[in-house]
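Single-structure report; data block below.
2 protein chains.
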Amino acid sequence: MTAKKTGREITISDIAAAAGVSKATVSRVMNGVSTVNEQIAERVRAAVAELGYSPSAAARSLSLGESRTIGVVVPDLANPMFHQVLHGLNSAAERDGYRVLVADTREHREREVEIALDIRNRTDAIVLFAPRMDRLTMLDLMPKIDPVVIFNRTTGKRAGAVLIDYAEGIGAVARHLIELGHTKIAYLAGPPQARSNMARQDGLDIVRGEHPEVEIVSVDCGSSFEDGYAAWPAVRETGASAAMAFNDVVALGFLGRLAEEGVSVPDELSVAGFDDIPFSQYSSPSLTTMTARLGDVGEKIWSTLLEQIRGTADLEPTTFAPQLTVRSSTGKKK
Amino acid sequence: MTAKKTGREITISDIAAAAGVSKATVSRVMNGVSTVNEQIAERVRAAVAELGYSPSAAARSLSLGESRTIGVVVPDLANPMFHQVLHGLNSAAERDGYRVLVADTREHREREVEIALDIRNRTDAIVLFAPRMDRLTMLDLMPKIDPVVIFNRTTGKRAGAVLIDYAEGIGAVARHLIELGHTKIAYLAGPPQARSNMARQDGLDIVRGEHPEVEIVSVDCGSSFEDGYAAWPAVRETGASAAMAFNDVVALGFLGRLAEEGVSVPDELSVAGFDDIPFSQYSSPSLTTMTARLGDVGEKIWSTLLEQIRGTADLEPTTFAPQLTVRSSTGKKK
DNA sequence: TTGAAAGCGCTAACAT
DNA sequence: ATGTTAGCGCTTTCAA
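So the sequences go chain by chain: G and B. Using full-length UniProt numbering, read the first sequence as starting at 1 and increasing by one per residue. Using full-length UniProt numbering, read the second sequence as starting at 1 and increasing by one per residue.
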């Protein structure tokens, strides 16, 4: 006994009354059940059009036990890297008749759990993009939001996982720079707590082991344009002849600063990014970076999630290895 | 009589049974109704934690007649301009206890109506960002999804509307270029059907009227990096000494091409954008552009929507006038 | 082919 | 302070 009178909501009962049939028949017409007399069906459709009826998703979900909708929780909708993944995910889900709803936590790590629970409760399944919460919280949350796929965090097979191999990727960047003759390389580090930054640090440690003659200096930086822009003095201080950034956004901010400072790239300093966001091929100079097939990543996230929805789970994580794309921002050490 | 057995969903009844109380009491505890005996409340909370219960949003929505959630339909989640608006909207809505769910139509104009109806049916209200559908379709849709606010399309007072004044804005860019001495200016036009492009064309017509001595040449372009990149030959052909782009993304793509071609900016060619996306201050040269307080736009969208939800509608459209931000990509005609 | 009725999980009168 | 119950809008058995 409730339901706020929000003015005049048209319900199935209104249509039934208007068309002079039962609610069951209206439901059948709405759902395209073929056994309805065409005359009657037409009357129903007329009433629907007339009154502008469209069925309550809440009621359908409750009755059906499913909504054919999935949720995606993203820490920062402004991150271009996520868009490409989201795009692939969206297309793939749409092909299978699912709708995708996105919630942006705007880096409020403390609200992630609440938002994930909430959105999961209005959808059939959920995807968490690079969640910022700590591992224990995440592992604890997972059973409560199953079916779930996590992008870019490991889950110890407690949920589907799709990952980009950052360790390997940053290693490829470093080796590229080393081949170009650079022996002192700065790494503009991402946020210290970010898992993807830790993975990159691990990757760099491997390269350090392989090339004791090369010095890779980590410089505190961050993940934004501003962070990259601000990193120049620290990088200069290292005396490095090449810099690789946590991601393209940082690299681009850094490049902007170098242009201002009159530092020529790649002659005086080689610069590399990571992610290959769309703008990176249009910057000047165009940016050497790691390219992941992010659309495919999105599709893989969907297929993994669909398996989970259908119960044919396979919790083996999928890893995508990005490829080096060499453009004009890196060059031989002079 | 339905509800797919999706494994084991915990419901309020399970908690009631586990805690040895009625569903009503569980509901009270979940909703923080104070009149519950602390001992009992504790038992309930224990059961909730134990079983990992979280209430079904569908059932709550149905019972309450509201979900405290709003939907936003965006034509392209990758457009940086939308992020800033979305951010302001999100923050403002959150302050009032509302959750924001975003659906991306990925420029599938023909699916916009369906998606809007669907998302509106699981939320309390909806915002349409720059809908691509034709005007008649839009006007027809509006009553069906009320309460609704439209961003960047006029609605003839049939719904809330928040607009950026593109005509005035592009005029300001043109006048800036004219003051710098440019007499032949290229306009890299956006998609022909885009309302925001038409508004810009109108604004340019006004300037043409004011300055008969100045020639403003419209060059077909588009709205992407690629479009801007590809526009160079056409612009060169016009012989213009300055170019203003449909938006920053186009301007940045164009700038990338100019760098490749060795055209120096602003010495040989002045370039201006529109929107002031975050990267524009880090490009080289940094981009002269029109800055709108997009966060404020988002907040205004929310307050307009909230008025509609509360029934205190005021359908007077709100217009935001962007400000010129001069950076390094425009200069005196040489 | 159509209708009646039960039930999805929850909330809120109302009764105790 | 707690329980009972009706009902939110829909789908689906079951009977006609």
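Cβ coordinates follow ideal geometry from the N, Cα and C atoms, glycine included.
Leaving aside the five residues before and after ASP202/B along the sequence, list all residues of the same chain whose C-beta is less than 8 Å from its C-beta, in chain order.
Cβ neighbours of ASP202/B beyond the five flanking positions: ALA167.
- Task: Quick one: measure Cβ to Cβ for ALA159/B and ASP146/B, integer angstroms, because I've assumed they're closer than 8 Å.
- Result: 7 Å
- request: Apply the 10 Å Cβ neighbour rule to THR25/G and answer buried if 16 or more other Cβ atoms are within range, or exposed otherwise.
  value: buried
For PHE320/B, collect the residues of the same chain with a Cβ closer than 8 Å to its Cβ; drop the 5 residues on either side in sequence, then sort them by chain order. VAL162, LEU163, ILE164, ASP165, ALA292, ARG293, ASP296, VAL297 and LYS300
Check your understanding: Comparing the C-beta of LYS4/G with each C-beta of chain B, is any distance below 9 Å?
Key -> The predicted model places LYS4/G with a pLDDT of 35, which falls under 50 and marks its position as unreliable; any figure quoted below should be read in that light. Yes, its Cβ sits closer than 9 Å to a Cβ of chain B.
For this session: Consult DSSP for ARG99/G and reduce its assignment to one of helix, strand or coil.
Result: strand
Does the segment 213-229 of chain G come close enough to the segment 186-205 of chain G that 3 or more CB-CB pairs lie under 8 Å? yes
Check your understanding: Name the residues in the segment 225-238 of chain G whose C-beta lies less than 9 Å from a C-beta of chain B; which are they?
Key -> PHE225, GLU226, GLY228 and TYR229
Nearest neighbour of VAL44/G, chosen from ARG28/G, GLN84/G, ALA58/G and ALA19/G [CA to CA]: Here the closest residue by C-alpha is ALA19/G.
Cutoff 7 Å; reference ALA116/G; Cβ partners in own chain excluding five residues on either side:
VAL73, ILE126, LEU128, LEU141 and ILE145
inquiry  = If you follow the beta strand (DSSP E) that MET133/G is in, where does it begin and where does it stop?
reply    = Run containing MET133/G: none; DSSP gives neither H nor E here.
ask   = chain G partners of VAL102/B, CB-CB under 8 Å?
value = LEU77, LEU101, VAL102, ALA103 and ASP104
TODO: Could you list which residues in chain B have their beta carbon closer than 9 Å to that of LEU117/G, in chain order?
DONE: Near LEU117/G (Cβ distances below 9 Å), the residues of chain B are SER54.
Practice prompt. Measure the C-alpha to C-alpha separation of MET1/G and THR69/G and round it to an integer number of angstroms.
Written response: Model confidence at MET1/G stands at a pLDDT of 39, short of 50, so the residue's coordinates are unreliable; what they give is reported in the following sentence. About 28 Å.
Checklist entry - So, LEU259/B versus LEU188/B, is the Cβ gap smaller than 9 Å? => result Per the sequence shown, residue 259/B should be read as Ala rather than Leu. No, the pair does not count as a contact, with Cβ atoms beyond the cut-off.
- Task: Please look up how many angstroms separate the CB atoms of SER303/B and ALA92/B, rounded, as I've assumed it's under 8 Å.
- Result: 7 Å
Quiz item: Roughly how many whole angstroms lie between the Cα atoms of ARG106/B and ASP76/B?
Solution: The alpha-carbon separation between ARG106/B and ASP76/B amounts to approximately 5 Å.
Please confirm whether TYR98/B has its beta-carbon closer than 9 Å to some beta-carbon of chain G. no
Interface residues of chain G facing ALA259/B [CB-CB closer than 8 Å]: SER284 and PRO285
* Hey, MET290/G and PHE279/G are a contact pair by Cβ (cut 8 Å); roughly how many whole angstroms apart? -> So it is not a contact: roughly 15 Å between Cβ atoms.
Notebook entry, point to check: Do you know offhand how far ALA186/B's Cα is from ILE12/G's?
Noted result: 56 Å
Subject >> Residue-level contact to chain G via CB, SER91/B, 9 Å cutoff >> reply: yes
Where LEU128/G meets chain B, residues with beta-carbon distance less than 7 Å | For LEU128/G, there are no neighbours in chain B by C-beta distance under 7 Å, as the nearest C-beta there is about 15 Å away.
Beta-carbon contacts of VAL29/G that lie in its chain and below 6 Å, excluding the five residues immediately before and after
VAL36, ALA41 and VAL44
In three-state terms, what does DSSP make of PHE82/G?
-> helix
According to the Cβ coordinates, are GLY228/B and SER270/B closer than 9 Å? no
Going straight from the alpha carbon of SER61/B to that of VAL148/B, what length do you get? 19 Å
Notebook entry, point to check: Which two residues bound the contiguous alpha helix (DSSP H) that contains GLY160/G?
Noted result: First-last for GLY160/G: 160-164, but that is the beta strand (DSSP E), not the alpha helix (DSSP H).
**Asked** Regarding ALA161/B and the ligand COA, is the C-beta to nearest heavy atom distance less than 8 Å?
**Response** This structure does not include the ligand COA; it has no bound ligands of any sort.
Cα-Cα separation between GLY65/G and ALA58/B, rounded to whole angstroms: Straight-line measurement puts the Cα of ALA58/B at about 9 Å from the Cα of GLY65/G.
| field | Closer than 9 Å to chain B by CB, GLY253/G | value | yes
Practice item. Indicate whether at least one CB of chain G lies closer than 9 Å to the CB of ARG120/B. Key: yes
task = Report all residues from its chain with a CB closer than 6 Å to the CB of PRO266/B; omit the five preceding and five following residues, and keep chain order.
result = Contacts found: SER329, THR330 and GLY331.
#### Entry: Within chain B, partners of ALA57/G - CB distance below 9 Å
ALA58, SER61, ASP118, ILE119, ARG120, ASN121, ARG122 and THR123
Identify, in the order they occur along the chain, each residue of the same chain with its Cβ nearer than 8 Å to the Cβ of LEU315/B, setting aside the five sequence neighbours on each side. THR155, LYS157, ARG158, ALA159, GLY160 and ALA161
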